[in-house]
Amino acid sequence: MHTFIGIDLGSTTTKAVLMDENMEVLGRGITNSRSNYDTASRVAKHEALINARFTLFRRAFAELPGVADRLDALLADLERSFRLEQFLEELGELERTCIENARGDRFAGKERATREALEAVFATLRQEAPALFAPGAKRKSDFFRDIAGSRFMAVAEPIGKTSGLGYDLLLNVYDKSIIEVENRPPSGDMNGRFLRALRRLLDGGADLGVAQGDVMRTVQGALDVALEETYVVGTGYGRVTLPFSKEHIRSEILCHGLGAHIMYPGTRTVLDIGGQDTKAIQVDPNGIVENFQMNDRCAAGCGRYLGYIADEMNIGLHELGPMAMQATRSVRINSTCTVFAGAELRDRLALGEKREDIMAGLHRAIILRAMSILSRSGGVRDQFTFTGGVAKNEAAVRELAKLVKENYGDRTININPDSIYTGALGAAAFSRRSVENGATGGVS
Amino acid sequence: MTITAGVDVGTGSIKTVLFEVEGGRTHWLVRRTDRVRQRDPLKLAAQAYDQALEEAGLRRGDVHYVATTGEGESLDFHTGHFYSMTTHARGAIYLEPSARAVLDVGALHGRAIRVDARGKVLTYKMTSQCASGSGQFLENIARYLGVGQDEIGKLSRQADNPEKVSGICAVLAETDVINMVSRNISAPNILKGIHLSMSDRLAKLLKTIGGIDGTVLMTGGLALDDGLLAAMQETMQREKVAVQVTAHRDSIYAGAIGAALWGAFRHEKLARLDALAAA
Amino acid sequence: MTATATAAARPAPKTAAPREAIKEPSMVKQKEMIAGNYEKLATAKAMGRKVASTFVPGNLNELIMCFDLVNNLPEINAIQNGLRKKSGQLIVEAEKRGQSEDVCTYVKSDLGMLAKGNIGPDGRPIPSPDVLLLSYTGCFTFMKWFELLREQYKCETVMLHVPYEGEGKVTENMRAYIVKQLREDVIPTLERVSGVKFDIDRLREYLRESARAEEDLVWTLESAKHKPSPIDAYFGGVYYIGPIFTAFRGTPDATEYYRLLRQEVQQRLDAGQGPVTPEGELSKEKYRLVVEGPPNYTSFRDFWKMFYDEGAVVVASTYTKVGGTYDLGFRHDPDHPLESLAEYCLGCYTNRNLPGRIDMIEKYLNEYEADGLLVNSIKSCNSFSAGQLLMLREIERRTGKPAAFIETDLVDPRYFSPANVKNRLESYFQMVEQKRRGAGVAAAAAVH
Amino acid sequence: MSTSDIVARCTGLFEDLNFVYAREWKAARPGRKVVGYMPFYVPRELIHAAGALPMGVLGGGDQLEVIHGDAYYQSYICRIPRSTVELGVTGRLDFVDGMLFPSICDVIRNLSGMWKIMFPKTMARYVDVPQNFRDDVGGEFYVNELNELRKDLGELCGRPVDDESLRHSIALYNENRRLVREVYAFRAAAPWKAPSSEVYLLMRAGMVLAVEEHSRMLGEYLEAALAENRPRRDNTRIVITGAFCEQPPLSLIKSVELAGCYIVDDDFMLVNRWEKANVPLEGDPIRNLACTYLHGSMSTSAKYEPDLSKKGLYLVDSVRRNRAEGVIFMAPSFCDPALLERPMLQNVLAAHGVPFIAFKYAENSGQMAPIREQAGTFADSIKLWSEA
Ligand SMILES: Nc1ncnc2c1ncn2[C@@H]1O[C@H](COP(=O)(O)OP(=O)(O)O)[C@@H](O)[C@H]1O
Ligand SMILES: Nc1ncnc2c1ncn2[C@@H]1O[C@H](COP(=O)(O)OP(=O)(O)O)[C@@H](O)[C@H]1O
Ligand code: SF4
Ligand code: SF4
Ligand code: SF4
């Protein structure tokens, strides 16, 4: 099967979209951007391929008689099982790396104790892993780094204390090791993992409502479909560092414009708030960009700002929005300088403001900045599509809706659950078009 | 004899000291730092103060003057408050009597202060809001690189080809660093690069206050970072400024010390005034 | 804002220019002229000549020549230091001495140079001026700049206050005010400082010479109306305005320079050639742009290359009008010497009100058949920058052509972020391209 | 009335971003006009004589959420023009019939042109002033400019401005300026009785109230403040300079006071005391206004100082006259006039042995800790060491 790939190398996350010849999305993959861009795009692509396999499973299972009403449950089970499998593998890798790294001067005379402490930590992590992937379980993030990191810290603190090694030491081993693990290219044996996941599911006595043999055969069949990388287009903040030639690179403005148009053909105005930049784009009815504005060099009020706030409060990004939704009033925040986010927060707390209210104020401040950029680009037209990571944040969305209504009247606001992939989607579409227009050849 | 306490409430950590002052003689009783780390700084300060008292075998009632500095204006047990630059100047002179300028580098701000031999602030200059040259930034990067805080200095001093960060903005500078890692720049070179960028700024601060010579004492948390100290010394040499930049192992306490000593000064003065009034 | 690079900049330090640019006779000529003026400055004291410092927009070069004064233009020094990548340190030096980070970097580059011994861009000392001729047009910063210089030099200072065209027109009151200041203040001061008696016929002669050169300059700038354009009216334009905006207006040298230039452009035009750039000739003109705002000098060549790489040619720019709006018809007039100087000062680009500036840009977009407008917004210069975002909107609204906005600085390297600028330019060009394709499809479907 | 009543009234006016007072004033009689003006100086007498209400527009402060205004300005331009544009775009100035933009800097100058484009129905005019201070040169120019403005205002208000009404207006403003000076002098003499945050609000009220009403208010405040007993603190006396255009947030003024400083002179809203002495009433009123501008008006960085030896002496003079112990340079970020002037003034102060510090603000600055710290250290060091 020919596939067309779009990769959006963002400042915080890297996204990939895999598309077939009919412009149908086969798979989406995301990972956090990291020091090795090449690895980040490979991981994202890898994740998109995994996701594509699930699409293929879905297509294949749909052909099996009698599964229709259980299809969603079946795939969800399979996915969870697969993720758990993946998590455990990565955990194993992290543990090995940690133990290797617990050497040198700082550990002189403490190697053994450190090793034992680490083993104890990881044993706990392994033990709690299945619960993380149980049906209905809420995870702090979808990235290994975040899940493993937060659990590691929680578990290491008491163990660090009782072992007399100290928390900082263990944290340091973790910090060192996680980048190493992250920067290793994804391991090859994807199919094996699928099969192991399936095995685990079946061994666990799951009733799939289909004969086990049929399940195995269907999965195997879908795994056998070759996914050929026909053309790749890269975009995003880090696109210039991608090892792609110029024809394989498009500006993120165009990709976001086109991506939003594909998701919602009625789109005329797009707002994208990513990690380090905010873009407002006006597109014509064909998805062609008519105008755009971006924030200047200051990173104030972008997604990373929320990241700093979350770090400061030691909670997950997912939790910021819901907390702000609890507010009874909104505290006026004038500075959205990312660096001083923590100071601003402490300042307000010291003045006796409630966390929820401060949160509401922070979200409003971010959206106010975005409103300015929108205004600069020519305002908000109907329909209005909000994309980028921050579109996942309900409090940000609420403020945006309110301000758009106040300033521009009624507008249809589109937010797609997959909005974070907008840029990658546009890139994939460009990739498909390039081939249509006669371009050939893979990357670099 | 006067017992005084100095409590320096910072964004990164809380520094508490106790002093016994008798005439011109000062005796340092207790010192402690407590990292704030997402706790309520004011509550933490109260705890820290009580623990310091316990270490010295004292009770709150035994202390004649509790002086706060930093963000401690609203602590309810303080007798008086002095502003940071006033206290750092005094603390620096206590630690290093030959110092004529103080470079205070804390978690968020950097300040250069020119002082006279008695610890009087002559002029000062603070970093402006945008600051990639802050301790917080360095801390974040160190974590990103998997380097412990106490290792930063050592690594930085091993650099052979440091690479400076360009941006003014810490967020964008972070991306710079990520780029560097992707280009296989080693951790020592990155850290040294940051140290050099910070030194550039700090040197600029020092120069704008003008007229410095002799010794410059670094105070605040980053004075403990000998990589920064080394970078600072290099920078001053490169820029041909004939000063000796040094740090003291108790530099982080400069603010708290200054507060305590000013507290003692005020206490004695007030006592004199009372005595006068009584007479 | 202001002014012009002038060709001395052309041979940028060898390291920055791996490939020697093509040299045409006009370039050689200009280079000699600039070098000659720096020579005059360097030897002024030894030769017993008096020196005047003055600004580019609204400069009174012809008048200065009447008093045999050597003309030193601080802005040009700042530009030359920018092109030579020296301005960064100079600015930092000025900041260390108490100048704010927020203010115009031209001023700081100049003050920094002074603080470091006043060594000019060519490595030779700049003499202390005998008079600061503060003819200030289109920007308030000039006034502070010379107050700051006066503090250092403690020399005679004379101000020519040029009122702003707030209502978009020159009134009799404004003209009379300027003429009166010239008569009562400026001329007597210059006579006193120089010891030379003012001779109005001498002034007339210089003005006549100016008008000749102005004619050829306008012809050159307007040659960009052809397709492909034989010149780049922004990056190249910076060189073309050199002589006329500075110490050479009114000299036969300038007239000769523009004659040569016109010949060369005519040849390119006849051959259907595009502009000459440091990267070589631009062979395929893909985009035609109008640019508002000054260039960036610290990365001048890299900046230009970003345009070159995309096949973008600037066909008209407002920056080439800061030292006079000759293309709108103004010529120095020997028959009304002082009035014509007044008229000249009043008409400089940034002394025109905002609606007037927008009208000019709109006219350029139409007359030069440009694809769109690019605003290079300069951090230093409020005179240029405050209001540019409205200009951008208005132009888009009136012409339907896309506009883009980038932010850099004239001479402060800290504010030139290549990645950022490139990203925006790339996005902009891709957008124009995509739009054009869309329009092409529609047009093909319609008539063609 | 007690000071707190008066201050409460002023606070209400200060916080009202919809300009209800001016709206009501205008609605009270058909045909009335309101003419807005920006800092730092316009000839308010002319507006008044035309029968219109002069209304100072001093930006949006720290309570206005700026959405559209930011779309017109780059991040490196000060705040006041963007919040002013916001006030315009959101319709808060829709009742204003004319706007005057003084010749203070390139930003406000260009704003005059923007206003013409954005609000074509409002009369928008740039008010140029001479930088040549000779009667026959700059004076002549200014007389003509003022006459031009007088004509325009007359047309706007539907009746020509005659000399008699102009003289009457000058007299009212002379009285108002006398009272303003008196309040300033009172504060300098007893700063604990007239805290700067109050004096500031009182002066801000003068930007929106009718002049007669404001004069009355000033008189009442003086009387009330004199009568009230307030504790005197061991504060340091300082002069603030650099804040003549974009205004600092009120909390900043309070923070400076809290950190141990008494403000004994400042350059907030110079328009209300621009003419240092009475404008003469006899003779040609326009010429009188022009001459007072040339020879008897405040100095600030937007005005050229022809004489090098006099540069900056106005500040030294203020320090001496008000017995100040130091100067705080407090300028809006990105304010070219104030920031370029600063080093020159600092050199003059240094030469006269006056200590000073400097920082920047924006009208919506939120974090006061650095301000308190700097002002506090300044006050500490003057206090702890002055006796030693
Ligand atoms: N679930 C979420 N809830 C709230 N915010 C989120 C969530 N996921 C991501 N974000 C925000 O989105 C930002 C990343 O957005 P993204 O569009 O991926 O940026 P980029 O393309 O620059 O990497 C993060 O900085 C974060 O603030
Ligand atoms: N041992 C150390 N080595 C290097 N840096 C340190 C050390 N201890 C503390 N720091 C740095 O000092 C900063 C805190 O400095 P401090 O002066 O206490 O700041 P504040 O007063 O603002 O809290 C922290 O951000 C940390 O980066
Ligand atoms: S440090 Fe803050 S204000 Fe400065 S550029 Fe970064 S985000 Fe913007
Ligand atoms: S502000 Fe602009 S016009 Fe004025 S001196 Fe600076 S660069 Fe030139
Ligand atoms: S604050 Fe300064 S720069 Fe801004 S408008 Fe006012 S005078 Fe101009």
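Protein chains in written order, with numbering that gives the first Met the number 0: chain F, 0 to 443; chain A, 0 to 278; chain S, 0 to 447; chain G, 0 to 387.
Ideal placement from N, C-alpha and C gives every residue a C-beta, glycine not left out.
Just the chain S side, please: which residues come within less than 8 Å of residue i by C-beta, in chain order?
{"i": "F:Leu253", "result": "Ser426, Gln429, Met430 and Gln433"}
{"i": "A:Lys206", "result": "Lys95"}
Would you tell me roughly how many angstroms separate the C-alpha atoms of residue i and residue j, rounded to the nearest one?
{"i": "S:Thr5", "j": "S:Arg83", "result": "Confidence is the limiting factor: at S:Thr5 the pLDDT is only 46, short of 50, which leaves the residue's position unreliable and the question unanswerable from this model."}
{"i": "A:Ala259", "j": "A:Leu94", "result": "13 Å"}
{"i": "F:Asp7", "j": "S:Val275", "result": "37 Å"}
{"i": "S:Val195", "j": "S:Leu372", "result": "48 Å"}
{"i": "F:Ala61", "j": "F:Leu74", "result": "11 Å"}
{"i": "G:Ile169", "j": "G:Arg108", "result": "26 Å"}
{"i": "A:Val20", "j": "A:Arg200", "result": "37 Å"}
{"i": "F:Phe444", "j": "A:Gly145", "result": "This structure does not reach residue 444 of chain F, given that chain F is present from 0 up to 443, and the question cannot be answered."}
{"i": "S:Met142", "j": "S:Asn80", "result": "22 Å"}
{"i": "A:Val227", "j": "S:Lys95", "result": "It is Leu, not Val, that sits at residue 227 of chain A in the sequence shown. Distance between the alpha carbons of A:Leu227 and S:Lys95: 21 Å."}
{"i": "G:Phe355", "j": "G:Asp264", "result": "14 Å"}
{"i": "A:Gly71", "j": "A:Gly22", "result": "27 Å"}
{"i": "G:Pro200", "j": "S:Arg248", "result": "Per the sequence shown, the amino acid found at residue 200 of chain G is Leu instead of Pro. Answer to the nearest angstrom: the Cα atoms are 54 Å apart."}
In chain order, what residues of the same chain have a beta carbon less than 8 Å from the beta carbon of residue i, not counting five sequence neighbours either side?
{"i": "S:Lys226", "result": "Glu284, Arg287 and Glu368"}
Check the DSSP bridge columns for residue i and list the partner residues they point to.
{"i": "S:Tyr135", "result": "S:His160"}
{"i": "F:Ile29", "result": "F:Lys14"}
Counting only Cβ pairs nearer than 7 Å, list the residues of chain A close to residue i.
{"i": "S:Lys421", "result": "Near S:Lys421 there are no residues of chain A at all, since even the closest Cβ is about 15 Å away, more than 7 Å."}
Suppose the cutoff is 6 Å on Cβ atoms and the five residues either side in sequence are ignored; what does the same chain contact list for residue i look like?
{"i": "F:Arg375", "result": "Gln292"}
{"i": "A:Thr86", "result": "Thr68, Gly254, Gly257 and Ala258"}
{"i": "F:Thr234", "result": "Asp7, Arg249, Glu251, Cys254, Gly422 and Ala426"}
{"i": "A:Glu150", "result": "none"}
Residues of chain S with CB under 9 Å from residue i, in chain order?
{"i": "A:Lys239", "result": "What A:Lys239 touches in chain S: nothing, since even the nearest Cβ is about 13 Å away."}
Can you name the residues of chain S whose CB is closer than 7 Å to the CB of residue i?
{"i": "F:Val288", "result": "Met430 and Gln433"}
Can you list, in chain order, the residues of its chain with a C-beta nearer than 7 Å to that of residue i? Leave out the 5 residues immediately preceding and following it.
{"i": "S:Ala442", "result": "Summary for S:Ala442: the model assigns pLDDT 44, below 50, so the residue's position carries little reliability; its value from the coordinates is reported in the next sentence. Cβ neighbours of S:Ala442 beyond the five flanking positions: none."}
{"i": "S:Ala41", "result": "Arg123 and Pro124"}
{"i": "F:Cys97", "result": "Leu117, Val172, Tyr173 and Ser176"}
Which residues of chain F have a Cβ atom closer than 7 Å to the Cβ of residue i, listed in chain order?
{"i": "G:Ala70", "result": "Ser371, Ser374 and Arg375"}
Who are the neighbours of residue i on chain A, taking C-beta pairs under 8 Å?
{"i": "F:Ser10", "result": "Thr174"}
{"i": "F:Arg345", "result": "Thr10 and Pro40"}
Against chain F, which members of the stretch 171-195 of chain A pass a CB distance test of less than 7 Å? Leu171, Thr174, Ile177, Val180 and Ser181
Chain F contacts made by the stretch 354-370 of chain G, where a contact means CB separation under 9 Å: Ala361, Asn363, Ser364, Gly365, Gln366, Met367 and Ala368
Give the residues from the stretch 370-389 of chain F that approach chain G closer than 7 Å (Cβ to any Cβ), ordered along the chain. Met370, Ser371, Ser374 and Arg375
Going along the stretch 79-108 of chain S in order, which residues come within less than 8 Å of chain G, judged by CB to CB distance? Arg96, Gly97, Gln98, Ser99, Asp101, Val102, Cys103 and Val106
The stretch 52-82 of chain A: positions lying closer than 7 Å to chain G by Cβ: Glu70, Phe81 and Tyr82
Between the stretch 57-90 of chain G and chain A, which residues of the former have a C-beta closer than 8 Å to a C-beta of the latter? none
Please list the residues of the stretch 150-175 of chain F that have a C-beta atom closer than 7 Å to any C-beta atom in chain A, keeping them in chain order. Asp167, Asn171, Asp174 and Lys175
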